[in-house]
Every structure is written in C-alpha cells, then in structure tokens.
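K.L.:
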Amino acid sequence: MEKAYKLEFTEEESDDLYVYCCGCSQTLPHHSFGPAVKPHYMIHFIINGKGQFSIGSQTYPLESGYGFLIVPEELAYYESDENDPWTYVWVGFGGKHAGEIVGELGLSLQQPIFKSENINGIYDIVKDMMEHNTFSVQDVLRRNGSLSLFLSEIAGGSSVSMRNDAGSANNYVQQALSYISQNYYNPIKVTDVAAYVCINRSYLYTLFQKEIGMSPQQYLTSFRIAKAVELLQLTSLPIESIAISCGYSDPLVFSKAFRQEKGVSPSVFRKDAMRNGGRGNKEHLREVEKFIAGKQEK
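Sequential numbering of the sequence shown, starting at 3, is according to the numbering used here.
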C-alpha cells in the first residue's frame with residue numbers, strides 16, 4: 003500500500019517533449035510495482051527512505067538522492083525497504099525527442115541509475131507540475147517547461163559521469179569540433195571550448211590527443227589558418243580583414259600563426275597563389291567578399 007498523489011495528462015504525441023503523468027508516493031514497507039511495463043519513459047526520484055529497483059537482469063539497491071529510469075516496454079520491478087520505506091516523486095514523459103534526450107542524460111536500459119544532490123529542488127519541480135494540473139494552455143506550457151527543468155537537474159547531477167567512457171569521450175570531442183567549426187571567427191579560446199562541452203581544459207587536451215592526435219589549441223589554430231587560406235586564395239580582402247574573419251583581433255598575431263603553420267607570411271602566400279592562377283571564378287570571389295563584409299557589419 004502507499005499514500006500517493008498521481009496525475010495523468012493527455013498530450014499530443016507529436017510534441018517534442020511532454021509530461022504524460024507525475025506524482026508523489028509515501029510508501030509502506032514492501033510496497034511494490036510489477037514486474038510490469040510502461041508505455042512511456044518514467045523517472046522516479048527518491049526523496050527519503052530506501053528500496054530496490056530491477057530492470058533487465060540487474061537489481062539496484064537505492065536510497066535518498068538516487069533516481070531510476072523505466073524504459074518503455076521493458077519489464078521493471080521496484081519495492082520499498084522493509085524498515086525504511088521510500089518516499090519518491092515520479093514523472094512519466096514522451097515525445098519525438100524523448101529517447102534522444104534520455105540518451106544525452108547518460109541514461110539507458112544498461113545505465114538506468116542517477117544521483118542528484120538537489121533533493122528539495124527536484125521535489126519542488128514535480129510539486130509545481132502537480133499544482134498546474136489543468137488542460138489550459140498556460141498549465142500545459144508550465145508542466146512541459148517544468149519537465150525541462152526536471153531533466154536539467156538530472157543532467158547536472160552525477161548521471162553524466164556514469165556514461166560509457168569511450169562513448170562520452172568521442173561525444174565530447176565531436177561537440178568540441180562542432181563548436182570550433184561554428185565559432186572559429188569569434189575570438190574563442192580553448193577554455194571556451196572546454197566550458198561549452200562541460201569538461202576541464204586538461205581533460206579536453208587528453209581527449210584530443212587520443213582521438214585526433216593533436217591538442218585543442220593546435221586544432222583551433224589549424225582550422226582558422228585553413229579558413230584564412232581559403233580567403234587569401236578566393237578574395238581580395240585586406241590581411242587585417244581576413245585576420246578578424248578567422249578569429250584574430252591582432253593582425254600581427256595572425257601573421258605569426260600563419261607563418262608557423264604555412265612557412266610564409268599571409269601576403270607572400272597570396273602572391274604565390276595569384277601567380278599559380280588561384281582558385282574559383284570572379285563571380286564566386288565577389289559572393290564570398292560580400293558575405294564576409296556582411297558579417298563584419300553586424
């Protein structure tokens with residue numbers, strides 16, 4: 003038996019992410035659910051007390067501050083402790099991106115457990131969902147917004163560190179490479195890249211050396227110089243403008259980095275490219291110049 007307050011909602015299944023149900027339970031000793039399946043994702047978070055959770059072939063003893071994921075259509079079972087039965091909140095959710103977001107949290111059938119220090123914060127978020135329990139547009143938006151906050155709290159906990167080391171390492175590097183490709187023209191530093199992927203600079207350095215054989219700083223510089231080479235070959239922009247367009251606020255720093263990478267200065271490189279005929283046609287050059295000029299005016 004349990005003292006439970008439960009709400010279920012009807013949402014459009016085409017939504018990106020929506021709350022299917024939520025609730026809070028104060029259980030009695032040996033209160034259990036299952037073995038049974040759920041048609042949607044469900045996350046339970048333990049406010050106090052103890053119990054155990056089983057899914058797949060694994061059983062996990064859990065206590066206050068821990069949570070567990072129930073995967074759709076997977077047989078699950080959970081039971082409160084005999085001497086210290088748990089009280090928990092839960093949120094069931096679905097949507098087109100639900101599975102993707104769960105994966106980004108580092109949770110899966112193989113790793114369904116997470117921990118969070120913010121017990122009161124998670125309780126308050128679910129309580130807010132339950133308090134906004136009508137089908138008005140205002141409450142639907144409020145609940146779904148609270149769902150994002152709920153998942154955000156999980157992401158901020160130790161669940162991220164529980165991810166598969168090889169998979170997460172590759173993901174960190176891929177995210178860093180993507181960030182650099184989209185921000186190379188801004189004056190970003192390696193510390194900015196590390197902050198974006200949520201790891202420290204030394205760990206990012208280790209991952210880059212292992213995955214691509216160079217440091218993050220070497221990759222950032224090489225990427226910028228590669229873009230500068232394109233602009234030197236395809237445009238007649240001044241060297242200073244090319245430096246700014248590739249993330250260098252100081253043309254002298256740009257020229258030094260370019261010389262170290264290519265063995266010659268930007269101006270000498272351009273002259274050599276012109277003697278060799280360059281690349282592209284005049285129409286394409288004008289389009290690139292207009293594009294760069296437009297970015298500098300913003």
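We put the beta carbon where it would ideally sit given N, CA and C, even for glycine. None of these values were measured; they are calculated from a predicted model.
(1) Can you tell which of GLU84, LEU111, TRP92, ARG277 has its C-alpha closest to the C-alpha of LEU153?
(2) Quick check on MET44: does DSSP put it in helix, strand or coil?
(3) What are the start and end residues of the alpha helix (DSSP H) that includes LEU30?
(4) Does DSSP put LYS117 in a helix, a strand or coil?
(5) Looking at the unbroken alpha helix (DSSP H) that takes in TYR205, where does it start and where does it end?
(6) If you drop the 5 nearest sequence neighbours on each side, which residues of the same chain put their C-beta closer than 6 Å to that of PRO356?
(7) Would THR223 and GLU263 qualify as a contact pair, given that the criterion is a beta-carbon distance under 8 Å?
(8) Below 8 Å on the Cβ atoms is my contact criterion, and I expect ILE127 with SER66 to pass it. Report the Cβ-Cβ distance as a whole number of Å.
(9) To the nearest angstrom, how far is the alpha carbon of ALA245 from that of TYR221?
(10) Hey, TYR90 and PHE35 are a contact pair by Cβ (cut 8 Å); roughly how many whole angstroms apart?
(11) For the alpha helix (DSSP H) containing VAL270, list its first residue and its last residue.
(12) Relative to the C-alpha of GLN28, which candidate in TYR125, THR193, VAL39 has its C-alpha closest?
(13) Please report the Cβ distance between HIS33 and PRO87, rounded to the nearest whole angstrom; I am assuming they are in contact, meaning their Cβ atoms lie under 8 Å.
(14) Could you tell me whether the Cβ atoms of LEU71 and VAL104 are closer together than 8 Å?
(15) Using the beta-carbon count (16 or more within 10 Å), is GLU155 buried or exposed?
(16) Between which two residues does the beta strand (DSSP E) harbouring ILE241 extend?
(17) Would you kindly check if the distance between the Cβ of LEU111 and the Cβ of GLU84 is under 8 Å?
(18) Just the C-alpha distance for GLY58 and MET132, rounded to the nearest angstrom, thanks.
(19) What is the DSSP secondary structure of TYR186, counted as helix, strand or coil?
P.N.:
The short version:
(1) TRP92
(2) strand
(3) Taken as a continuous stretch (DSSP letters only), LEU30 belongs to no alpha helix (DSSP H), as it is neither H nor E.
(4) strand
(5) 203-214
(6) No answer is possible for residue 356: the residues shown for the chain start at 3 and end at 300.
(7) yes
(8) No, ILE127 and SER66 are not in contact; Cβ-Cβ is about 17 Å, not under 8 Å.
(9) 17 Å
(10) TYR90 to PHE35, Cβ: 11 Å. No contact.
(11) 268-277
(12) For the residues TYR125, THR193, VAL39, the minimum Cα distance to GLN28 belongs to TYR125.
(13) 6 Å
(14) Result yes, Cβ atoms of LEU71 and VAL104 sit closer than 8 Å.
(15) Looking at its Cβ environment, which holds 16 or more other Cβ atoms inside 10 Å, GLU155 is buried.
(16) Note, ILE241: premise wrong, no beta strand (DSSP E); alpha helix (DSSP H) at 241-247.
(17) no
(18) 30 Å
(19) coil
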